[in-house]
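Trainee: Once you've had a glance at the structure underneath, I'll fire off some questions.
2 protein chains.
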Amino acid sequence: MAEPNRSKDRLALSALGLFAERGFVGTSIRDIAKATGLSISNIYHHFGNKEGLLLAILKTASERLLRELREASDQPGTPMERFKKLVQTHLQLSRGLRKEAKIFFLDEEHLSPEGYRANLTYQRDILDLYREHLLALQEAGEVNFKSPTIAAFNILGVVNWHLRWYRPEGQMSFEETSREVTEFILHGI
Amino acid sequence: MAEPNRSKDRLALSALGLFAERGFVGTSIRDIAKATGLSISNIYHHFGNKEGLLLAILKTASERLLRELREASDQPGTPMERFKKLVQTHLQLSRGLRKEAKIFFLDEEHLSPEGYRANLTYQRDILDLYREHLLALQEAGEVNFKSPTIAAFNILGVVNWHLRWYRPEGQMSFEETSREVTEFILHGI
DNA sequence: TTCACACTAGATCAATCGATCGATCTAGAG
DNA sequence: CTCTAGATCGATCGATTGATCTAGTGTGAA
């Protein structure tokens, strides 16, 4: 086996694109197999079932997102500087993880209870990261919200909505929208 | 016919609940028929096809939402007062239209081109309403964003995210979260 | 060489899908 | 009393679904 897990990776990559485009239920295992040129059996061999394939994609993406967000916001600096870095990094990463993010918020209701729980945990981890930073800001007193939790939800709303409406082919550049979104958040808290 | 369109309304109501719970693709026309106790044929008789049923629900809800938002924000007052009223009304209405709103943002990719376009138009109408108000605020000079469009997107992100995470059965009251969300938005702009 | 195992293909399964059919029922118009 | 339009029914269509089964591959260890 010169190229280990090549089929597995190809399946995951094709599935990512198809899930993002047509949704989980809207994509059949035959679509995925056909897109890779492999047979259906590979999906069941490598991922157990259709949901296993989705969860594998979600796991990889969310772990990477959380890790990179932690790294970026763990740099030295004032609480406000670190929080700003967190938001900016989140926006930038979401840009590269458009498809993954779309899957994330799309097909929750078609997952098994275990899959749903895993999905929820990934989202909660991101929320908690924001809550930590917001709590630090609140203790520093530079801030005018009462509940760090609600503030974290509001921020996630703005950030996640951004990857919903932002179109790279539009007239507004990513840097332009990203700066405006960041300022909205910084004023909001 | 003592009760005109009763079957039609019952179908739409059942479909609303099922679509919100399991998604459009995740709900079969058999599920809807079974939930109402009527036969499958009624759906095709009253709505043409499965998508027609969804679009009918979407149309009713979005027209009502837009109308009530216009009414609420057309009251006399300063631009800021009217804008605040708009946001508060939006939050309140979303609370009563939870299911409809969920459908709205869920299954876009499974619609026909015409259905997708209709869906997009409804969302654009809301966006434009916000842009009008934000433009008035910008001209009044009380505001620190550059693009009313981006600001409108940000606000919609916060409002729509609210109906995603807010749980009536949780410990936080609706009034509490609503106030906090509104303040976040008002500071953000 | 032999054996075990990871990997892959293709045929096939029962279940379910959206949609359509002709037939029947009901209510009101003329 | 007849005619018609709309509402509703159960049966059924072909297609597709996720999943499984069998039958091989090729590779590396013993």
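Residue numbers (our numbering), protein chains in the order written: chain A, -15 to 173; chain B, -15 to 173. We treat Cβ as the ideally placed atom computed from N, Cα and C, and that holds for glycine.
1. Given that H94/B touches chain A, what residues does it touch there, using C-beta distances under 9 Å?
2. Using only alpha-carbon positions, find the residue among A102/A, V71/A, S162/A and W149/A that is nearest to A136/A.
3. Mind checking the region 43 to 60 of chain B against chain A and listing, in chain order, the residues whose C-beta falls within less than 7 Å of any C-beta there?
4. Just by C-beta distance, which residues in the region 127 to 146 of chain B are closer than 9 Å to chain A?
5. Measuring only the C-alpha atoms, how far is K86/B from F3/A?
6. By Cβ distance, which residues of its chain are closer than 6 Å to V9/B, with the 5 residues on each side in sequence left out?
7. Output, in chain order, the set of chain A residues within a Cβ distance shorter than 8 Å of F168/B.
8. Three or more beta-carbon pairs under 8 Å between the region 114 to 122 of chain B and the region 76 to 83 of chain B, yes or no?
9. Are the C-beta atoms of E35/A and some chain B residue less than 7 Å apart?
10. Roughly how many angstroms separate the alpha carbons of I173/B and G21/A, rounded to a whole number?
11. Go through the region 13 to 73 of chain A residue by residue and report every complete run of the alpha helix (DSSP H) that reaches 4 residues or more, in order.
12. Can you give me, in chain order, the residues of the region 147 to 166 of chain B that have a beta carbon less than 7 Å from any beta carbon in chain A?
13. Could you tell me the distance, in whole angstroms, from the CA atom of D(-7)/B to the CA atom of I139/A?
14. Is the region 147 to 157 of chain A touching the region 46 to 55 of chain A, taking contact as three or more C-beta pairs under 8 Å?
15. Straight-line CA distance for I27/B to S(-2)/B?
16. Hey, H146/A and V127/A: beta-carbon distance below 7 Å or not?
17. Mind checking which residues open and close the alpha helix (DSSP H) that includes T166/A?
18. Report back the beta-carbon spacing between L39/B and G99/B to the nearest angstrom; my notes put them in contact at under 8 Å.
19. So, with DSSP's three-state summary, where would you put F8/B?
20. Would you tell me roughly how many angstroms separate the C-alpha atoms of R79/A and P60/B, rounded to the nearest one?
21. Per DSSP, what kind of secondary structure is G214/A in: helix, strand or coil?
22. Do F67/B and H30/B have their CB atoms nearer than 7 Å?
23. Under the rule that 16 or more other beta-carbon atoms within 10 Å means buried, what is N33/A, buried or exposed?
24. Tell whether a beta-carbon distance below 7 Å holds between G125/B and G141/A.
Mentor: With the given structure in hand:
1. The contacting residues are R6, G7, V9 and G10.
2. V71/A
3. none
4. Those residues of the region 127 to 146 of chain B that come within reach of chain A (Cβ to Cβ, closer than 9 Å) are N128, F129, K130, S131, T133, I134, A135, F137, N138, I139, L140, G141, V142, V143, N144, W145 and H146.
5. 19 Å
6. H94
7. F129, I134, A135, N138, G172 and I173
8. no
9. With a threshold of 7 Å between beta carbons, E35/A makes no contact with chain B.
10. 51 Å
11. 13 to 20, 24 to 31 and 34 to 57
12. So the close ones are W149, T161, E164 and V165.
13. 38 Å
14. Cβ pair count under 8 Å is below three, so no.
15. 11 Å
16. no
17. F158 to G172
18. Correct: roughly 5 Å between the Cβ atoms.
19. coil
20. 41 Å
21. Nothing can be reported for residue 214/A: it is not among the residues displayed for chain A, which extend from -15 to 173.
22. no
23. exposed
24. G141/A sits away from G125/B, with the two beta carbons spaced by 7 Å or more.
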